[in-house]
Every structure is written in C-alpha cells, then in structure tokens.
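What follows is a set of notes on a single structure, which appears directly below.
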Amino acid sequence: MPDSSVAEPKDSNPALDVIVIGAGFAGMYALHKLRGLGFRVRVFEAGSGVGGTWFWNRYPGARCDVESMEYSYSFSNELQQEWEWPERYAAQPEILRYAQHVAQRFDLMRDIQLNTRIIASVYERNANRWTITTDGGTSISAPYLIMATGNLSTPRVPDFKGLKSYRGKWYHTGYWPHEGVDFSGLRVAVIGTGSSAIQAIPIIAKQAKHLHVFQRTANYSVPAHNAPLDPDYVRRHKAEYPQRRRAAYDTPFGIAGYPPPTKPASEAPVEERISLYEDKWKQGGTIGFLYSYTDLLTSKDANDTAAEFVRNKIRGIVKDPATAELLCPKDHPIGTKRLCLDMGYYETFNRDNVTLVDARSTPIQVITPTGLRTSAQDYEFDAIVFATGFDAMTGALAEIDIRVQGGTTLREHWTAGPRTYLGIMVAGFPNMFLITGPGSPGVKSNMVVSIEQHTDFIADCLAHLRARGLGRIEAEQCAEDGWTEHVNDVANATLYPQANSWYMGANIPGKPRIFMPYVGGVHNYKKKCDAIAAGGYEGFKLTGADASNNVNPSTRHTGIATSNA
Ligand code: NA7
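The sequence shown begins at 1087 in my numbering and counts up by one.
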C-alpha cells in the first residue's frame, strides 16, 4: 500500500531537510551520505524494492557492461572489501542482491518509502520548500529536493497500431515480470537490436521454438568474454582499491586500469591497427576497444578502421552472408551509439531457429491479434518482446509535474531540449538537484562513479549552505547557458551527434535532437566541479531567504566541515 507511513496533509513531515526521489544507486547513496552529515532525509521509490535500473531490467541476459569490480560503490572500504563479485561482468540478479545488501548494511530502508510514485513537485518561493505529491494523493515537503530518478527508467513501447488487439503475451525488457518468463516451445519476436536485445536474444533463442528478430538499425557489439573472477585477481584488485578508485576520477569514463591511447589511428600502419583491434577483441569489453586510438571518436576515417574491423568479425562469425551483411552496422560511426557488449550475439544467428528480419526496408506496420504485419508479410507469435529502449535522460523527469509555483514547468523549460548547469541544477528551479542529469558525464561514464561524485558535490553544497545559515541555492541563468553551450561544443567536436541515438533523443518521436550527455570526460568534469565548489559555488546564487526556518535547526552550525568550504 503506497504512503501508509506518511500522514496527510502537506507539511506532514516538517522535520525533513531533503526529499530524494528514487532508490536506485543514486538515491541510496544520497540517503546514506546526507544522513551521515546530519540531514533528515526521506526517499520515495515507485518500485517495491531498491536497485533502480537493476530492479526493473530483469530480462534474460541483463548484465552490466562495466566490470563488476568497478561498477560498485567506493564510499565504504569495508563494503568493497567484503563484497564478492562472482563474474567479470555482473548479471542483474547479482547487482540487485548487492543493492539490497547495501540497503541493509547501511540501514537505509527505514528512510525509504517504497511503492510510492511521485507525480508532482512544486516549489513555493516564499516558503522556500518543495512539496511533492504521491500517486496516493499525499503531500510531503522539505527545503531541498534531489531527483535520483535515473536516466534509463522510462521504458518506451512504440506506438504500434493494434497492440491492444494482440492475444499473445508481450513484454518490455525494461519492465520485466519478476517471476521471469519461460519461452520454451514458443514462437517469439524480439523487436529492437539495442543493448538489451543483444543481451536477451542469445538466451531467448535457446528457449524458443523459433525466434524472429526485427532489426531496424544494426548495432556494433564486442564480446564480453565473461568468466568467473579469478580469486588472485580479486585479491590484488581489492588491495589496490583505494588507489584505483582515486585513479578512476582521472579518466574520461571513470574507470581505472585502461592505459589511455597515445596515437591516432591514422599514424598506425594497417597491420598494426588490425593487430591491436584483434588484441582488444580477444580481451573483450567496450572501453578497451574504444581506447585503441586517440581519434576514434573524433575522426570519421579513424573510426572507419575500427568499424570495418567489427564488420569483418561479423562476416566471419555469421555463416549466411545475407544475414551477416544485414547485421553489419553502416549508418553510424562505431561508439557513437552505446557500444554493446555481448555473449554470443552474432553466433545466435547461425541457429536454425533464429531469423533476422529487416525492419528498415520492411517496417512493422501493425500488431495483429496473432502477431504482427510488416510491409512485406504477416507473422504469428506467441510472445512479443519489445527491446525498444527508453525515453532516456529526461523521461523520468518529464513524467513528474515539476514546477515553481506560478512559473513554468521543467518540461516547458526544456521544450527545446534539456538545459542544466553541470547536469546538477536547472536555472529557475531553486533547491532542486539532479544526480547524473543531462549535461553531466553520467551515462557516458561508469554510472556509480558519477553518482558518487555528484552526490558528494550536492552534499558538500548543502553542508556549505547550512554552515553559513543559508537556505537557497539556484543556478544562474548565464551559468546554465554557458554550460549548455559548452556541452554542445564538446559534443560537436566529436562524431557523437552523427548517430540517431538515445543520447540525442532521436529514439523518441518529437523529442528535440540535442546531444544530452557531457562527453568532456569524468576527469575534466570533476576538476570543474571541484573548482566551482572551492570558489564558493561560482555560477550558483546562494541566498539566505528564510534559511533559519528551512534547515533542521539541530544540524545547523554543527561545525561539520565540507571538503570544499
Ligand atoms: P536502445 O539502445 O534504445 O535500443 C532500442 C532498439 O529498439 C533499437 O534497436 C531501435 O531501433 C529499436 N526500435 C525502437 N522503436 C522501434 C520500432 N518502432 N520498430 C523497430 N525497432 C524499433 O534500448 P536498449 O534497451 O537496448 O538499451 C538502452 C541502454 O540501456 C543501453 O544503451 C545501455 O546503456 C543500457 P533504432 O536504432 O531506433 O532504429
């Protein structure tokens, strides 16, 4: 039952300092961190458990594409020393188990309200408070609001005609039944060939009687070479954890252990290039592959060398030449959409029970009661899996009616595309923070690293305000304009904008085409954030309006130092 522990009416919980929306990795850490600084925090989560992405994305084969020793919290050395990851790349159930363990180990659940979807958040300037409304109609308010709503948390099923008439079962990878799905003996369709499909297809193919894969755009994928972790490697890694975590902040992706490339592909003879790509292919992993040369994401000619290498791999793996050619991506540079990581994806198309359908030349026109119709023919299916992605980066925020009382909504503010200062605050929306929002390196980095860095920045900022008796912080319009322009300039110097990716909002009809993440790298971004904090939060307006009424008095002027103050 939603909201059972929150009483009516609004301001029912006046003791709160901070409301956090979302109990994924971001919301959980925000709670832990802020609680540790003496703030009174409550987290609201739509799901019936913690874990965010890893709570919802339970499709077969769901797995992280960042190695498990890196894709984990660093804030507690005890935690990182005691937790045992079984595999190089952790599977969804393992990551969810980790999230649950963290929630328990740090006693987070007492301040997390599950099964509660937030539908509106309104800021009242005079009161200097955010009031959120739950789907159960309850209101709760606090001076500060943190949106830990995730970047890939709004699953999108395309608006296919006829879906309601379909008599079989259908699923979306991002909203998978908790009890799992057994496709044994069934005729199954998978629509989409993004990262989720590429992970799910090899497993569904092993169960299904026959699997049809509807591909509109071919994607590049490199092998994971997943395997159980070697205990010696784990021991060494754990001994170096503190240094490795620090080193991660000096890298573009927030992942240590990958020596940066030193020369452009154009300076390498063909044989040397192929030999290097071959080594990277054998090692597995996306970072290593894209780190082959300095110019893979800035020069089309350089990029072509890596793209053609992968296409030749596909041609070598897939036996039917027509299928192989269809699987070869040709419409975008490699790495400009999320490079996928697979375990036997291309090999799956050698199975007799798998058929690849070109949904570009023969688009899906309608879902029928028994399957679907393309422009070429009718198909019958017992089950359809939509691996059709998410309204990424802005979807979860747009679903909530976020507004300043008497002013515009966040949705309106972002009509032409998201604009933020550092991906953390939005001008005109005081005291509301985003964790890994658009304009931050979030989705182009190891998410956990970015989540911790953003949360630490926000927590330091709140402690800074409190220590000075201030209660309001707002991004300045010129700072937001400048940062947004910088984010665009950095992206425009790369090949990223050349792909119709979810980074560009291109997968959602009508969504403005703006490259949303900051691709200047975690290292540059963190330096910028640190300098801004050290300089007294340049680009932010800090004021004391009604501060004495808004911050938990028992925690004001406690002398808790901020790292940057
Ligand atoms: P993605 O990467 O957005 O992939 C969605 C796929 O669905 C992609 O192949 C789309 O083709 C396809 N799609 C979407 N709409 C249609 C229609 N109408 N017809 C046919 N095919 C369609 O989502 P994922 O869940 O795989 O991955 C998202 C991220 O999660 C991933 O990058 C990782 O970071 C984790 P398109 O390319 O648009 O032609």
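C-beta atoms are modelled at their ideal positions from N, C-alpha and C, and glycine is treated no differently.
Beta-bridge partners assigned by DSSP to residue 1466: 1457. Fewer than three beta-carbon pairs drawn from the segment 1482–1498 and the segment 1552–1560 are found closer than 8 Å, and the two stretches are therefore not classed as touching.
Counting along the chain, no alpha helix (DSSP H) covers residue 1335, and no H or E run does either. When the beta-carbon positions are compared, residue 1149 and residue 1458 stay at least 9 Å from each other.
The DSSP assignment places no complete run of the alpha helix (DSSP H) inside the segment 1541–1566 (cut-off: 4 residues).
Contact between residue 1511 and residue 1601 is ruled out by a C-beta separation of about 20 Å, above the 8 Å threshold. Of the other Cβ atoms in all chains shown, 16 or more fall within 10 Å of the Cβ of residue 1615; this residue is therefore buried. Cβ contact annotation for residue 1338 (same chain, cutoff 7 Å, sequence separation greater than five): 1607, 1608, 1609, in chain order.
The residue among 1431, 1243, 1245 with its C-alpha nearest the C-alpha of residue 1310 is 1431. Rounded to whole angstroms, the separation of the alpha carbons of residue 1583 and residue 1577 is 7 Å. In the structure shown, residue 1360 adopts helical secondary structure according to DSSP, grouped into three states.
In the DSSP assignment, residue 1518 is bridged to 1231. Secondary structure of residue 1614 (DSSP, three-state): helix.
At the C-beta level, residue 1231 and residue 1136 stay beyond 9 Å of one another. For residue 1567, there are no CB contacts under 6 Å within the same chain when 5 residues up- and downstream are skipped. With at least 16 other beta carbons inside 10 angstroms of its own, residue 1285 counts as buried. Residue 1474 sits in coil when the DSSP states are folded into three classes, being neither helix nor strand. In the three-state DSSP reduction, residue 1485 falls in the coil class, being neither helix nor strand. Taking each of 1266, 1308, 1401 in turn and checking the Cα distance to residue 1290, the smallest one comes out for 1266.
Contact between the segment 1440–1450 and the segment 1459–1468 is established, with three or more Cβ pairs separated by less than 8 Å. In terms of Cα proximity to residue 1480, the closest of 1505, 1404, 1438 is 1505.
Residue pairing for residue 1256: DSSP places it in a beta bridge opposite 1470.
Here residue 1209 has 1216, 1490 as same chain residues with Cβ atoms under 6 Å from its own Cβ, once five neighbours each way along the sequence are excluded. Residue 1302 has its CB nearer than 8 Å to a heavy atom of ligand 1. Looking at the DSSP output, residue 1198 sits in a beta bridge with 1129. In summary, residue 1121 is buried, with 16 or more beta-carbon neighbours lying within 10 Å of its beta-carbon over all protein chains present.
Residue environment analysis places residue 1178 among the buried positions, since at least 16 neighbouring C-beta atoms fall within 10 angstroms of its C-beta. In the structure shown, residue 1451 falls within a strand segment according to DSSP collapsed to helix, strand and coil. Shown here, residue 1190 sits in a helix according to DSSP, grouped into three states.
For the 9 Å CB-CB criterion, residue 1301 and residue 1278 form a contact. At a cut-off of 8 Å, the beta-carbon of residue 1475 counts as near ligand 1: some heavy atom of the ligand is closer than that. Annotation for residue 1140: the continuous alpha helix (DSSP H) segment containing it runs 1139–1142.
Of all C-beta pairs linking the segment 1529–1545 to the segment 1144–1160, three or more are shorter than 8 Å, placing the two stretches in contact. Shortest Cα-Cα distance from residue 1104 to any of 1117, 1212, 1525, 1250 involves 1117.
Across the set 1435, 1376, 1372, the C-alpha of 1435 shows the shortest separation from the C-alpha of residue 1403. Restricted to the segment 1402–1432, the alpha helix (DSSP H) segments that are unbroken, complete and at least 4 residues in length are 1407–1413, listed in chain order.
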